[in-house]
Structure formats: C-alpha cells, structure tokens
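What follows is a single structure, written as structure tokens, with notes after it.
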Amino acid sequence: MDIRVFVSEEVKTSSSQPVLKKIVDEFKLYKSGQGRPAHFGRDVPYDFPFSVRESGLAHVHLKDSTSKNWHLKKVSFSKTSNTALIYCQGAVQKNCYFLISILENAHETYRVKPLYLEYLAERAEVFREKF
Numbered sequence: 006m007d008i009r010v011f012v013s014e015e016v017k018t019s020s021s022q023p024v025l026k027k028i029v030d031e032f033k034l035y036k037s038g039q040g041r042p043a044h045f046g047r048d049v050p051y052d053f054p055f056s057v058r059e060s061g062l063a064h065v066h067l068k069d070s071t072s073k074n075w076h077l078k079k080v081s082f083s084k085t086s087n088t089a090l091i092y093c094q095g096a097v098q099k100n101c102y103f104l105i106s107i108l109e110n111a112h113e114t115y116r117v118k119p120l121y122l123e124y125l126a127e128r129a130e131v132f133r134e135k136f
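Offset between the sequence shown (1-based) and my numbering: plus 5.
Okay, structure coming up:
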C-alpha cells in the first residue's frame with residue numbers, strides 16, 4: 006500500500022526542509038510496516054476527552070532530551086518523551102496520514118492549554134472528512 010503523508014503548515018514552518026523530509030520519509034516507512042525509526046517511541050491514540058478520541062487524533066513520542074532509558078532493546082511502548090508528533094489517519098483511505106503538529110513540552114502544553122487537543126481534533130476531523 007502506498008502511504009500518502011500530508012503536512013500542516015505548522016509542521017512545515019517549524020522544521021527545516023531536510024528535517025521535515027526525514028520525518029515524512031521515516032513516517033511513511035514506519036506506517037508501511039518497514040520498521041520503526043530509532044527515534045520513534047510509543048505510538049498511541051489520544052483517548053480523552055471523548056471528542057478528541059472520536060477525531061482519530063494520535064501521537065508518536067519522538068526521542069528528545071527527556072528520553073531517559075531509551076534503549077534499543079526496550080519495547081517501543083516503553084519509549085516515552087515530552088515531544089509528540091501529532092497526526093491522524095484518513096477515515097476511509099487508511100493509507101493517508103496528516104501530520105498536524107510536532108509539539109515540544111507536550112505534557113505541559115496539555116496541562117496549561119486544555120483546549121489545544123480540541124483544536125487539533127478539529128483539524129483532524131476536517132482531514133478525515135476528505136480522506
């Protein structure tokens with residue numbers, strides 16, 4: 006299956022072109038089942054609040070300076086960090102993904118800006134209506 010990745014303006018402007026290309030290329034390989042990049046950790050959907058869960062919003066932890074004990078032998082689910090690559094998958098076209106945000110200091114942002122996930126969920130829903 007040919008994986009298609011769409012990237013938000015926020016992600017495009019927050020990363021240099023070479024870094025963005027690397028993230029997109031590695032995300033495509035990962036989602037096509039060709040292995041998980043070493044700096045991709047736990048990949049889980051958001052399960053709260055209900056509206057966010059229903060939007061299909063998910064995130065993969067990216068290795069950062071908070072990534073203690075991020076060993077190669079460690080199970081991916083145990084690899085957590087404070088940086089999240091936030092994305093969603095198409096509702097019908099399961100080979101389509103939308104990279105919505107790369108959020109540093111993610112846990113603090115969720116605490117201080119409780120509506121931030123709702124905002125991202127709305128963007129995910131718009132994408133999922135098209136794909």
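Using N, Cα and C, we set each Cβ at its ideal position, and we do this for glycine too.
Over what stretch of residues does the beta strand (DSSP E) that includes V65 continue unbroken?
Against the sequence shown, residue 65 aligns to sequence position 60. Per DSSP, V65 belongs to the beta strand (DSSP E) from A63 to L67.
When you compare only the Cα positions, how much space is there between S86 and D69?
Residue numbering aside, residue 86 sits at position 81 when the sequence shown is read from its first letter. Residue numbering aside, residue 69 sits at position 64 when the sequence shown is read from its first letter. If you take the alpha carbons of S86 and D69, they lie about 6 Å apart.
Count the other CB atoms within 10 Å of the CB of S106; is the residue buried (16 or more) or exposed (fewer)?
As a position in the sequence shown, residue 106 is number 101, starting the count at 1. Buried: at least 16 other Cβ atoms inside 10 Å.
Along the chain, which unbroken stretches of the beta strand (DSSP E) at least 3 residues long are found entirely within the stretch 6-84?
9-12, 45-50 and 63-67
Around the C-beta of A111, are 16 or more other C-beta atoms found within 10 angstroms, so that it is buried, or is it exposed?
Here residue 111 corresponds to residue number 106 of the sequence shown, with the count starting at 1. Answer is buried; the Cβ neighbour count reaches 16.
In terms of residue numbering, what span does the beta strand (DSSP E) encompassing F103 cover?
For the purposes of this step, residue 103 is taken as the residue at position 98 of the sequence shown. Counting along the chain, the beta strand (DSSP E) containing F103 begins and ends at C101 to L108.
For V29, which residues from the same chain have a beta carbon less than 8 Å from its beta carbon, with the 5 sequence-adjacent residues on both sides left out?
Start at 1 with the first residue of the sequence shown, and residue 29 comes out as number 24. Excluding residues within five positions, the ones whose Cβ falls inside 8 Å are V10, V12 and L104.
Rank V131, H44, L34 and E123 by C-alpha distance to the C-alpha of E89 and give the top, closest one.
As a working mapping, residue 89 is identified with position 84 in the sequence shown. What sits at residue 89 in the sequence shown is Ala, not Glu. Of the listed residues, the one whose Cα sits closest to A89 is H44.
Are the Cβ atoms of I91 and L120 separated by less than 8 Å?
The sequence position of residue 91 within the sequence shown is 86, counting from 1. The sequence position of residue 120 within the sequence shown is 115, counting from 1. It is not a contact, given that the beta carbons lie outside the stated cut-off.
Helix, strand or coil for A126 per DSSP?
Residue numbering aside, residue 126 sits at position 121 when the sequence shown is read from its first letter. In the structure shown, A126 sits in a helix (DSSP, three-state: H, G or I).
Quick check on A111: does DSSP put it in helix, strand or coil?
Counting from one through the sequence shown, the residue named residue 111 turns up at place 106. It is helical.
Kindly indicate if chain B contains any beta-carbon less than 8 Å away from that of V65.
Protein chains in the displayed structure number just one, and chain B is not present.
Taking L90 as part of the beta strand (DSSP E), name the residues at either end of that continuous run.
Reading the sequence shown from its first residue, position 85 is the one you call residue 90. Run containing L90: A89 to Q94, per the beta strand (DSSP E) assignment.
How long is the line joining the alpha carbons of K17 and V24, rounded to whole angstroms?
To locate residue 17, count along the sequence shown from 1; it is residue 12. To locate residue 24, count along the sequence shown from 1; it is residue 19. The alpha-carbon atoms of K17 and V24 are separated by roughly 10 Å.
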